[in-house]
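Scroll down for the structure; my scribbles are underneath it.
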Amino acid sequence: MNHPIWIRSLSLLAFFAAWQLVALIIHSPLLPSPLDVAHALREHLASGDLLYHLGVTMARVVVSFSLAMLIGCVIGILMGNSRRLDLSLDSLLVLGLNIPALVTIILCYIWFGLTEAAAILAVAVNKIPTVVVTVREGAKAVDRKLLAVAKAYRLSPYQTLTRVYLPQLYPYLMAAARSGIALIWKIVLVVELLGRSNGVGFQLHSFFQFFDISSILAYTLMFAAVILAIEAWIIRPLERRATGWRT
Amino acid sequence: MSRLQVLIEDKRFDAHGAVLSHLEFAADDGEFIALVGPSGAGKSTLLHILAGLDSRYQGSMLWDGRPMYGKDSNPPRLGMLFQDPRLMPWMSVRDNIELVMKGQHGAAALADALLQEVGLGQWVDAWPGQLSGGMQRRVALARAFAVKPQLMLMDEPFVSLDLPTANRLRESLLALWQRYRPLVLFVTHDLREALAMADRVLFLSAMPSRILLDYRVTERHSRDLDSQDIAGLQNRLLAEHPGLLSGLLGGVEA
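Here it is, written out as structure tokens:
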């Protein structure tokens with residue numbers, strides 16, 4: 001009973017039990033019981049709409065996440081390596097970090113229309129500054145002595161980048177990716193709620209208008225499960241692989 | 248014409264005086280040359296320039312009569328040992344060596360053979376962090392020879408090691424050098440180490456450094472730093488040139 005899985009599940013089980021109990025006592029349509037939610041979940045799965053909207057949302061998450069990581073890494077590495085660039089972009093960065101996500105989303109929709117590209121752009125723009133900050137730290141921490149080894153042994157620029165430089169950045173990239181996933185899927189839901197006609201955020205909005213709390217919770221649980229799975233089966237193994245040498 | 252011809256007219260770091268000035272020497276294949284001088288005499292700076300890590304100097308470095316770096320250059324295959332091992336901690340010991348071999352044919356086999364030779368045959372798959380400092384330096388030594396170097400630059404590679412470990416590493420180095428015969432430039436501040444290892448010792452002056460004395464080591468019968476032989480060589484040399492090491496005696500700075 002001391003296995004970590006048991007300990008992890010125990011708190012979840014207790015939570016569901018308490019929820020069921022409170023729902024029974026209150027007995028209101030505004031607080032459906034876990035069983036009601038499970039029922040709604042089964043129906044949405046059977047009709048196919050849950051998987052469709054989930055797929056659409058995940059696609060947006062993947063595209064905007066990749067875009068934000070790519071752009072954020074390039075800017076972060078450049079800023080970490082050039083004091084001048086760092087100084088000149090730093091104020092913009094602070095600004096970017098502090099603009100509310102909602103503002104970027106609204107502005108993107110107003111300027112670029114209620115389009116897919118505007119939605120993706122709004123999400124990416126929200127995430128890029130935090131990627132830049134993390135990667136910049138990493139780029140500053142890169143060991144110049146190891147780069148000197150690469151230079152003395154005349155490794156090609158490509159080898160130096162992929163085998164000496166990026167491995168040192170890897171923990172920072174992982175940190176950026178981890179916080180990135182957590183942030184981006186939340187923003188994607190808002191983007192969908194405000195200006196898309198599909199995706200989990202759009203569905204939640206519709207359910208909200210019908211006060212269909214069971215469906216809201218069903219979608220939420222499903223979506224959270226997918227994110228947990230990504231964390232457990234993609235991010236954590238990648239992280240383990242990258243830090244295997246730290247034993 | 249000598250294989251390596253070095254003339255550093257002037258090297259200075261921003262807003263400081265010259266570190267190297269009119270430093271000139273030539274060397275040939277298979278020579279084992281020690282560079283000896285007081286701390287801060289710019290020995291490391293000289294090696295960094297020779298390794299192509301620092302190009303802000305005035306002067307010329309020729310390999311076979313052609314510039315070693317820059318345009319129309321003819322760089323020698325270069326092995327380098329730094330004061331610290333400088334292994335990539337995220338790569339296995341073998342991968343560290345294969346890295347500098349740049350995917351040449353049979354790299355893995357040669358890497359394993361070299362590691363065997365420096366006594367690390369059991370450790371090819373280990374992470375550098377699992378090895379002791381002395382073992383890490385062995386890996387760095389194997390790495391330096393993995394490129395089949397024509398020129399080997401060593402910047403006090405055995406400093407801050409305990410005596411037995413340093414002695415074993417010196418033996419490994421000499422064995423590898425005798426096998427591959429690169430031109431070695433070995434920086435040390437320990438005169439006994441220089442006299443025990445090298446055929447030729449270049450003494451550097453204090454800053455701005457130039458070559459004070461180009462001394463050929465003859466009549467050496469032992470390579471043991473603590474032998475009578477080396478002590479005798481050292482005493483004779485210092486008797487002849489009392490000012491040679493001002494501030495330096497037997498590797499201990501006064």
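From first to last, the protein sequence lines stand for chains A and B.
Be aware that the first sequence starts at 1, since it is given in my numbering, and climbs by one per residue.
Be aware that the second sequence starts at 248, since it is given in my numbering, and climbs by one per residue.
Cβ atoms here follow ideal geometry from the backbone N, Cα and C, with glycine treated the same way.
Here the structure is a predicted model, which means the values were calculated and not measured.
Taking 4 residues as the shortest admissible run, the segment 156 to 204 of chain A contains the following complete alpha helix (DSSP H) segments, listed from N- to C-terminal end: 166 to 195. DSSP places B/ALA265 in the uninterrupted beta strand (DSSP E) bounded by 265 to 274. Scanning its chain for C-beta atoms nearer than 7 Å, with the 5 sequence neighbours on each side dropped, one finds around A/VAL131 the residues ALA68, MET69, GLY72, CYS73, GLY76, ALA176, GLY180, in chain order. B/ILE296 and B/LEU485 have their C-alpha atoms roughly 30 Å apart. Taking a C-beta cut-off of 9 Å against chain B, the contacting residues of the segment 144 to 174 of chain A are LYS145, LEU146, ALA148, VAL149, ALA150, LYS151, ALA152, TYR153, ARG154, LEU155, SER156, GLN159, ARG163, VAL164, PRO167, GLN168, TYR170, listed in chain order.
Under the DSSP assignment, A/ASP36 falls in the alpha helix (DSSP H) whose first and last residues are 34 to 47.
Within the model, the alpha-carbon separation for A/SER156 versus A/LEU228 is close to 40 Å. By the Cβ criterion, the segment 29 to 48 of chain A is not in contact with the segment 89 to 100 of chain A, since fewer than three pairs of Cβ atoms, one from each stretch, lie closer than 8 Å. The beta carbons of B/PHE433 and B/ALA281 sit closer together than 8 Å. Annotation: B/TYR462 is outside any alpha helix (DSSP H); the continuous beta strand (DSSP E) that includes it extends over 458 to 463.
If you look at B/SER307, you'll find it in the beta strand (DSSP E) that goes 305 to 310.
Nearest to A/TYR153 by C-alpha distance, out of B/PHE392, B/VAL406, B/PHE405, is B/PHE392. Neighbours of A/TRP19 across chain B, judged by C-beta separation under 7 Å, do not exist; the nearest C-beta is about 45 Å away.
Here the alpha carbons of A/LEU97 and A/LEU204 stand approximately 27 Å from one another. Beta-bridge partners assigned by DSSP to B/ILE477: none are found. Excluding the 5 residues flanking it on each side, B/SER291 has same chain C-beta neighbours closer than 6 Å at ASP402, in chain order. Taking a cut-off of 8 Å for Cβ pairs, the segment 323 to 336 of chain B and the segment 373 to 383 of chain B touch, as three or more such pairs fall below it. Residue range 251 to 259 is occupied by the beta strand (DSSP E) that includes B/ASP257. Annotation: the continuous alpha helix (DSSP H) that includes A/VAL131 extends over 116 to 141.
At a Cβ-Cβ threshold of 8 Å, A/LYS145 and B/GLY299 do not count as neighbours. By the rule that beta-carbons nearer than 8 Å mark a contact, B/ALA298 touches chain A. Taking 8 Å as the upper bound for CB-CB distance, B/GLU278 and B/ASP446 are in contact here, some 6 Å apart.
Residue range 380 to 393 is occupied by the alpha helix (DSSP H) that includes B/GLY380. When Cβ-Cβ separations below 8 Å define contact, B/TRP310 makes no contact with chain A. For A/TRP111, none of the residues of chain B pass the 8 Å Cβ criterion, the least Cβ distance being about 44 Å.
For A/TRP245, the nearest beta carbon of chain B is closer than 8 Å to its own beta carbon.
In this structure A/ALA23 is in contact with A/LEU31, their Cβ atoms being roughly 5 Å apart against a cut-off of 8 Å. Taking the CA atoms as reference points, B/ARG415 sits about 41 Å from A/LEU173. In the DSSP annotation of this structure, the continuous segment of the alpha helix (DSSP H) that includes B/MET444 starts and ends at 438 to 444.
At a cut-off of 8 Å, the C-beta of B/GLY381 has no neighbouring C-beta in chain A. Rounded to whole angstroms, the gap between the alpha carbons of A/PHE223 and A/TRP185 is 9 Å. Remark: three or more beta-carbon pairs, one from each stretch, lie closer than 8 Å, so the segment 52 to 64 of chain A and the segment 110 to 121 of chain A are flagged as touching. Against chain A, a Cβ distance below 9 Å from B/ARG333 picks out ASP143, LYS145, LEU146, ALA148, VAL149. Only exposed fits B/LYS395, as fewer than 16 other CB atoms lie within 10 angstroms of its CB. 8 Å or more divides the Cβ of B/ALA443 from the Cβ of B/THR435. The alpha-carbon separation between B/GLN252 and B/GLY312 amounts to approximately 8 Å.
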